[in-house]
Amino acid sequence: MNQKNKSISSEQKWIPDGFHFLGPEESRNRRNLLQSFSELFEREGYSEITLPSFDYSNSFRSQLHEGVESLLVTKDWDGNELSPGVDLTLQVVKGMAARSHWEENQNIYYFAKKIRDHKKRNASRREILQIGVESLGKSDTNHLISQIQILNKLWDHTIPNKTFTIVFGHSSFFRNLLEILGWNEEETKVLRQFLYTKNIPELVALAARTNTSDSHMKIIQLLLKPIPANEMAGFKKDLESNLSKEELNRVKNDLDSITSFFEVWNKQMQNVSCIWDPSLVRDLSYYTGFMFQGYVEHDPEPVFAGGVYNDLYASFTGIQKDACGFALHLDSIEVLINKEK
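Pasting the structure below:
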(Lines of atoms letter the chains of each structure in order from A and count residues from 1; the text may use other names and numbers.)
(Lines give C-alpha, C1' and ligand atoms only; values in the text may rest on other atoms or scores of the structure.)
Protein backbone atom coordinates (compact mmCIF):
# COMPACT_ATOMS: atom_id res chain seq x y z
CA MET A 1 0.00 0.00 0.00
CA ASN A 2 1.33 3.46 -0.83
CA GLN A 3 2.75 5.22 2.21
CA LYS A 4 0.70 8.37 1.60
CA ASN A 5 -2.54 6.40 1.97
CA LYS A 6 -1.53 4.35 4.98
CA SER A 7 -2.03 5.43 8.55
CA ILE A 8 1.11 5.37 10.71
CA SER A 9 -0.89 3.93 13.60
CA SER A 10 -0.13 0.38 12.47
CA GLU A 11 3.57 1.08 12.90
CA GLN A 12 3.08 2.67 16.28
CA LYS A 13 1.27 -0.42 17.60
CA TRP A 14 4.38 -2.56 17.67
CA ILE A 15 7.43 -0.30 17.36
CA PRO A 16 8.57 1.26 20.68
CA ASP A 17 8.02 4.97 21.11
CA GLY A 18 10.89 6.93 19.59
CA PHE A 19 12.08 4.14 17.26
CA HIS A 20 11.28 3.83 13.59
CA PHE A 21 11.16 1.21 10.87
CA LEU A 22 12.35 2.47 7.49
CA GLY A 23 10.72 0.86 4.48
CA PRO A 24 12.28 0.41 1.01
CA GLU A 25 11.63 3.95 -0.21
CA GLU A 26 12.80 5.60 3.02
CA SER A 27 15.88 3.39 3.15
CA ARG A 28 16.76 4.21 -0.44
CA ASN A 29 16.39 7.94 0.19
CA ARG A 30 18.57 7.71 3.28
CA ARG A 31 21.25 5.75 1.45
CA ASN A 32 21.36 8.34 -1.34
CA LEU A 33 21.59 11.13 1.21
CA LEU A 34 24.44 9.46 3.10
CA GLN A 35 26.26 8.81 -0.17
CA SER A 36 26.13 12.51 -1.04
CA PHE A 37 27.45 13.39 2.43
CA SER A 38 30.29 10.88 2.10
CA GLU A 39 31.34 12.30 -1.25
CA LEU A 40 31.40 15.83 0.20
CA PHE A 41 33.47 14.82 3.24
CA GLU A 42 35.92 12.85 1.11
CA ARG A 43 36.40 15.83 -1.21
CA GLU A 44 37.23 17.93 1.85
CA GLY A 45 39.93 15.47 2.93
CA TYR A 46 38.06 13.51 5.62
CA SER A 47 38.15 9.71 5.93
CA GLU A 48 35.34 7.50 7.19
CA ILE A 49 35.56 5.50 10.41
CA THR A 50 33.13 2.96 11.89
CA LEU A 51 32.09 3.05 15.54
CA PRO A 52 30.98 0.15 17.73
CA SER A 53 27.31 -0.19 18.62
CA PHE A 54 28.17 -0.59 22.30
CA ASP A 55 30.92 0.71 24.54
CA TYR A 56 31.89 0.50 28.21
CA SER A 57 29.89 3.09 30.09
CA ASN A 58 32.69 3.85 32.58
CA SER A 59 34.60 5.55 29.76
CA PHE A 60 31.69 7.97 29.45
CA ARG A 61 31.41 8.62 33.17
CA SER A 62 35.08 9.59 33.35
CA GLN A 63 34.42 12.51 30.98
CA LEU A 64 30.86 13.67 31.71
CA HIS A 65 29.26 15.66 34.48
CA GLU A 66 27.42 13.62 37.10
CA GLY A 67 23.92 12.70 36.03
CA VAL A 68 24.52 13.09 32.30
CA GLU A 69 25.43 9.50 31.53
CA SER A 70 22.87 7.27 29.85
CA LEU A 71 20.57 5.20 32.02
CA LEU A 72 20.11 2.69 29.21
CA VAL A 73 22.85 0.20 30.07
CA THR A 74 23.28 -3.56 30.27
CA LYS A 75 26.14 -5.76 31.48
CA ASP A 76 28.54 -8.07 29.67
CA TRP A 77 29.66 -11.50 30.93
CA ASP A 78 32.35 -9.90 33.12
CA GLY A 79 29.86 -7.63 34.85
CA ASN A 80 30.94 -4.49 33.00
CA GLU A 81 28.18 -2.09 32.05
CA LEU A 82 27.69 -1.52 28.34
CA SER A 83 26.24 1.65 26.90
CA PRO A 84 24.82 2.29 23.40
CA GLY A 85 26.66 5.62 23.31
CA VAL A 86 25.70 8.68 25.31
CA ASP A 87 28.15 10.73 23.27
CA LEU A 88 29.75 9.59 20.04
CA THR A 89 32.57 12.13 20.12
CA LEU A 90 33.94 10.28 23.14
CA GLN A 91 33.89 7.05 21.16
CA VAL A 92 35.62 8.69 18.21
CA VAL A 93 38.41 10.30 20.21
CA LYS A 94 38.94 7.26 22.40
CA GLY A 95 39.04 4.97 19.38
CA MET A 96 41.52 7.16 17.53
CA ALA A 97 43.60 7.59 20.68
CA ALA A 98 43.94 3.82 20.94
CA ARG A 99 45.50 3.94 17.46
CA SER A 100 47.82 6.87 18.21
CA HIS A 101 50.77 4.83 16.90
CA TRP A 102 49.04 4.40 13.51
CA GLU A 103 49.81 6.84 10.71
CA GLU A 104 46.27 7.60 9.66
CA ASN A 105 44.26 10.60 8.53
CA GLN A 106 43.21 12.57 11.63
CA ASN A 107 40.34 14.29 9.80
CA ILE A 108 37.50 11.80 10.06
CA TYR A 109 33.75 11.41 9.70
CA TYR A 110 31.23 8.75 10.71
CA PHE A 111 27.61 7.66 10.52
CA ALA A 112 26.46 6.00 13.74
CA LYS A 113 23.28 5.37 15.69
CA LYS A 114 22.81 6.59 19.24
CA ILE A 115 20.08 6.95 21.83
CA ARG A 116 18.97 10.48 22.56
CA ASP A 117 16.81 11.47 25.50
CA HIS A 118 14.32 14.22 24.60
CA LYS A 119 14.11 15.79 28.04
CA LYS A 120 12.37 18.89 26.73
CA ARG A 121 9.65 16.96 24.97
CA ASN A 122 8.12 13.72 26.18
CA ALA A 123 11.16 12.24 27.97
CA SER A 124 11.07 9.24 25.63
CA ARG A 125 14.29 7.96 24.14
CA ARG A 126 14.90 7.97 20.42
CA GLU A 127 17.25 6.01 18.26
CA ILE A 128 18.80 8.50 15.86
CA LEU A 129 21.44 8.36 13.16
CA GLN A 130 24.17 10.87 13.88
CA ILE A 131 26.59 12.25 11.32
CA GLY A 132 29.86 13.47 12.80
CA VAL A 133 32.96 15.25 11.54
CA GLU A 134 36.02 15.45 13.78
CA SER A 135 39.55 16.82 13.40
CA LEU A 136 42.27 15.63 15.76
CA GLY A 137 45.30 17.90 15.90
CA LYS A 138 43.71 21.21 14.93
CA SER A 139 41.20 23.58 16.52
CA ASP A 140 42.44 27.05 15.58
CA THR A 141 40.11 29.71 14.22
CA ASN A 142 40.69 28.93 10.56
CA HIS A 143 40.19 25.20 11.02
CA LEU A 144 37.02 25.62 13.07
CA ILE A 145 35.62 27.94 10.41
CA SER A 146 36.63 25.47 7.69
CA GLN A 147 34.49 22.82 9.40
CA ILE A 148 31.52 25.15 9.52
CA GLN A 149 32.07 25.88 5.84
CA ILE A 150 31.80 22.12 5.20
CA LEU A 151 28.59 22.07 7.21
CA ASN A 152 27.29 24.99 5.17
CA LYS A 153 28.10 23.20 1.89
CA LEU A 154 26.26 20.13 3.15
CA TRP A 155 23.29 22.30 4.04
CA ASP A 156 23.25 24.10 0.68
CA HIS A 157 23.37 20.77 -1.14
CA THR A 158 20.64 19.16 0.96
CA ILE A 159 18.20 21.90 2.01
CA PRO A 160 19.07 24.96 -0.12
CA ASN A 161 15.77 26.72 0.62
CA LYS A 162 16.08 26.43 4.39
CA THR A 163 18.50 28.68 6.28
CA PHE A 164 19.99 28.09 9.72
CA THR A 165 21.34 30.37 12.43
CA ILE A 166 24.48 29.33 14.25
CA VAL A 167 24.80 30.27 17.93
CA PHE A 168 28.25 30.42 19.54
CA GLY A 169 29.26 30.16 23.17
CA HIS A 170 32.65 29.65 24.83
CA SER A 171 33.14 27.09 27.59
CA SER A 172 36.30 28.45 29.23
CA PHE A 173 35.05 32.03 29.13
CA PHE A 174 31.75 31.06 30.72
CA ARG A 175 33.41 29.02 33.48
CA ASN A 176 35.74 31.89 34.36
CA LEU A 177 32.84 34.32 34.62
CA LEU A 178 30.99 31.93 36.94
CA GLU A 179 34.08 31.76 39.17
CA ILE A 180 34.21 35.57 39.24
CA LEU A 181 30.62 35.63 40.55
CA GLY A 182 31.83 33.54 43.49
CA TRP A 183 28.69 31.46 44.00
CA ASN A 184 28.88 28.01 45.59
CA GLU A 185 28.59 24.83 43.51
CA GLU A 186 24.86 24.35 44.01
CA GLU A 187 24.05 27.98 43.27
CA THR A 188 26.25 27.88 40.16
CA LYS A 189 24.47 24.76 38.93
CA VAL A 190 21.10 26.49 39.25
CA LEU A 191 22.48 29.65 37.66
CA ARG A 192 23.71 27.72 34.62
CA GLN A 193 20.25 26.24 34.11
CA PHE A 194 18.49 29.60 34.44
CA LEU A 195 20.94 31.24 32.05
CA TYR A 196 20.56 28.49 29.47
CA THR A 197 16.75 28.64 29.59
CA LYS A 198 16.74 32.47 29.88
CA ASN A 199 14.55 32.22 32.99
CA ILE A 200 14.90 35.86 34.01
CA PRO A 201 12.39 36.00 36.95
CA GLU A 202 13.97 33.02 38.73
CA LEU A 203 17.43 34.32 37.93
CA VAL A 204 16.73 37.72 39.49
CA ALA A 205 15.28 36.06 42.58
CA LEU A 206 18.32 33.80 42.92
CA ALA A 207 20.70 36.75 42.56
CA ALA A 208 18.81 38.61 45.29
CA ARG A 209 19.11 35.65 47.67
CA THR A 210 22.89 35.54 47.13
CA ASN A 211 23.37 39.29 47.68
CA THR A 212 24.86 39.69 44.22
CA SER A 213 26.60 43.05 43.74
CA ASP A 214 25.37 45.55 41.16
CA SER A 215 28.44 45.03 38.94
CA HIS A 216 28.05 41.25 39.03
CA MET A 217 24.34 41.57 38.33
CA LYS A 218 25.23 43.56 35.21
CA ILE A 219 27.55 40.71 34.18
CA ILE A 220 24.68 38.25 34.53
CA GLN A 221 22.50 40.53 32.39
CA LEU A 222 25.23 40.57 29.74
CA LEU A 223 25.28 36.77 29.77
CA LEU A 224 21.55 36.73 29.13
CA LYS A 225 21.73 38.83 25.99
CA PRO A 226 22.51 37.04 22.70
CA ILE A 227 23.93 39.49 20.16
CA PRO A 228 24.82 39.40 16.44
CA ALA A 229 28.43 38.51 15.72
CA ASN A 230 29.13 41.95 14.26
CA GLU A 231 28.35 43.62 17.61
CA MET A 232 31.08 41.86 19.61
CA ALA A 233 33.01 45.10 20.17
CA GLY A 234 30.08 46.49 22.15
CA PHE A 235 29.83 43.32 24.26
CA LYS A 236 33.54 43.49 25.07
CA LYS A 237 33.33 47.15 26.06
CA ASP A 238 30.30 46.55 28.33
CA LEU A 239 32.00 43.59 30.00
CA GLU A 240 35.24 45.48 30.60
CA SER A 241 33.34 48.36 32.22
CA ASN A 242 31.79 46.01 34.81
CA LEU A 243 34.87 43.96 35.75
CA SER A 244 37.63 44.92 38.12
CA LYS A 245 41.20 44.87 36.84
CA GLU A 246 41.82 41.52 38.55
CA GLU A 247 38.59 40.02 37.19
CA LEU A 248 39.34 41.26 33.71
CA ASN A 249 42.74 39.55 33.78
CA ARG A 250 40.99 36.23 34.47
CA VAL A 251 39.00 36.40 31.25
CA LYS A 252 41.41 38.43 29.10
CA ASN A 253 42.85 35.51 27.10
CA ASP A 254 39.41 34.06 26.39
CA LEU A 255 37.95 37.46 25.55
CA ASP A 256 40.81 38.22 23.15
CA SER A 257 40.38 34.81 21.52
CA ILE A 258 36.63 35.34 21.11
CA THR A 259 37.07 38.83 19.68
CA SER A 260 39.71 37.75 17.15
CA PHE A 261 37.58 34.76 16.10
CA PHE A 262 34.61 36.94 15.24
CA GLU A 263 36.83 39.41 13.38
CA VAL A 264 37.81 36.54 11.07
CA TRP A 265 34.23 35.22 10.99
CA ASN A 266 32.77 38.58 9.94
CA LYS A 267 35.21 38.71 7.01
CA GLN A 268 34.79 35.13 5.78
CA MET A 269 31.29 34.00 6.79
CA GLN A 270 28.96 36.92 6.14
CA ASN A 271 26.54 34.62 4.33
CA VAL A 272 25.88 32.61 7.51
CA SER A 273 23.59 34.04 10.18
CA CYS A 274 25.50 34.05 13.46
CA ILE A 275 24.78 34.99 17.08
CA TRP A 276 27.02 35.18 20.13
CA ASP A 277 25.29 33.81 23.23
CA PRO A 278 27.72 33.86 26.19
CA SER A 279 25.36 31.71 28.29
CA LEU A 280 25.26 28.87 25.74
CA VAL A 281 26.43 25.93 27.82
CA ARG A 282 26.31 22.34 26.68
CA ASP A 283 25.74 19.47 29.13
CA LEU A 284 29.04 17.83 28.25
CA SER A 285 32.07 18.69 30.32
CA TYR A 286 34.93 18.18 27.87
CA TYR A 287 34.53 21.32 25.76
CA THR A 288 37.40 23.74 26.34
CA GLY A 289 36.68 26.65 23.98
CA PHE A 290 34.07 27.52 21.43
CA MET A 291 30.80 25.63 21.36
CA PHE A 292 28.08 26.11 18.78
CA GLN A 293 24.57 24.98 17.94
CA GLY A 294 22.57 25.41 14.74
CA TYR A 295 18.87 26.23 14.66
CA VAL A 296 16.22 26.52 11.96
CA GLU A 297 13.17 28.72 12.27
CA HIS A 298 10.21 27.39 14.32
CA ASP A 299 12.24 24.55 15.88
CA PRO A 300 13.54 24.98 19.46
CA GLU A 301 15.82 21.94 19.19
CA PRO A 302 19.27 22.38 17.60
CA VAL A 303 19.76 20.53 14.32
CA PHE A 304 23.53 20.38 14.73
CA ALA A 305 26.14 21.13 17.37
CA GLY A 306 29.89 21.15 17.79
CA GLY A 307 32.88 22.78 19.35
CA VAL A 308 36.48 22.61 20.55
CA TYR A 309 37.75 19.94 22.96
CA ASN A 310 41.51 20.33 23.24
CA ASP A 311 42.03 18.16 26.34
CA LEU A 312 39.95 15.12 25.44
CA TYR A 313 42.58 13.21 23.44
CA ALA A 314 45.17 13.69 26.19
CA SER A 315 42.77 12.27 28.79
CA PHE A 316 43.02 8.90 27.01
CA THR A 317 46.67 8.95 25.92
CA GLY A 318 48.58 11.58 27.88
CA ILE A 319 49.48 13.10 24.51
CA GLN A 320 48.23 16.64 23.95
CA LYS A 321 46.29 17.01 20.72
CA ASP A 322 43.85 19.83 19.98
CA ALA A 323 40.55 18.81 18.41
CA CYS A 324 37.24 20.14 17.15
CA GLY A 325 34.21 18.78 15.37
CA PHE A 326 30.48 18.88 14.80
CA ALA A 327 27.58 16.46 14.59
CA LEU A 328 24.08 16.60 13.17
CA HIS A 329 21.11 14.26 13.42
CA LEU A 330 20.06 12.84 10.09
CA ASP A 331 16.49 12.35 11.32
CA SER A 332 16.12 16.14 11.76
CA ILE A 333 17.54 16.74 8.29
CA GLU A 334 15.14 14.22 6.75
CA VAL A 335 12.19 15.94 8.42
CA LEU A 336 13.27 19.26 6.91
CA ILE A 337 13.74 17.68 3.48
CA ASN A 338 10.27 16.14 3.59
CA LYS A 339 8.76 19.53 4.49
CA GLU A 340 10.36 20.98 1.37
CA LYS A 341 8.60 18.45 -0.89
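If you're matching positions, the sequence shown starts at 3 in this note's numbering and goes up one per residue. For every residue, glycine included, the Cβ atom is placed at its ideal position computed from N, Cα and C. In this text the structure is predicted, and so the values were computed from the model without any measurement.
Select from G81, F294, P228, S174 the residue whose C-alpha is nearest the C-alpha of K254. S174
Helix, strand or coil at K115 according to DSSP, with G and I counted as helix: strand
In whole angstroms, give me the CA-to-CA distance for Q149 and V283. 20 Å
Can you have a look at P280 and say buried or exposed, based on whether 16 or more other CB atoms are within 10 angstroms of its CB? buried
State the DSSP-derived secondary structure class of Y315, mapped to helix, strand or coil. helix
What did DSSP end up calling L73 once you bin it into helix, strand or coil? A caution first: L73 carries a pLDDT of 46, below 50, which makes its placement in the model unreliable, though a value can still be read off. Three-state DSSP puts L73 in coil, outside helix and strand.
Straight-line Cα distance separating S246 from I350: It is not possible to answer for residue 350, since the shown part of the chain is limited to 3 through 343.
Do the stretch 150-169 and the stretch 37-56 touch if we need at least three Cβ pairs shorter than 8 Å? yes
Going by CA-CA distance only, name the one from Q272, N144, T52 that's closest to I168. Q272
How would you write the range of the beta strand (DSSP E) that I156 sits in, first residue to last? The residue you asked about is not Ile; residue 156 is Leu in the sequence shown. Not the beta strand (DSSP E): L156 falls in the alpha helix (DSSP H), residues 143-160.
Does the stretch 187-195 come close enough to the stretch 256-276 that 3 or more CB-CB pairs lie under 8 Å? no
Identity of the residues DSSP links to S331 by a beta bridge: Residue identity differs from the one stated: residue 331 is His in this sequence, not Ser. Q132, per the DSSP bridge assignment.
By a C-beta neighbour count over all protein chains shown, 10 Å radius and 16 as the cutoff for buried, is V337 buried or exposed? exposed
Leaving out the 5 sequence neighbours to the left and right, which residues in its chain are closer than 6 Å to P228 when beta-carbon positions are compared? I277, D279
Where does E233 fall in DSSP's three states? helix
Does the stretch 199-206 come into contact with the stretch 312-327, if we say contact requires no fewer than three beta-carbon pairs (one atom in each stretch) closer than 8 Å? no
For R157, which residues of its own chain have a beta-carbon under 7 Å away from its beta-carbon, when the five flanking residues on both sides are left out? It should be pointed out that residue 157 corresponds to Trp in this sequence rather than to Arg. Result list for W157: F166, in chain order.
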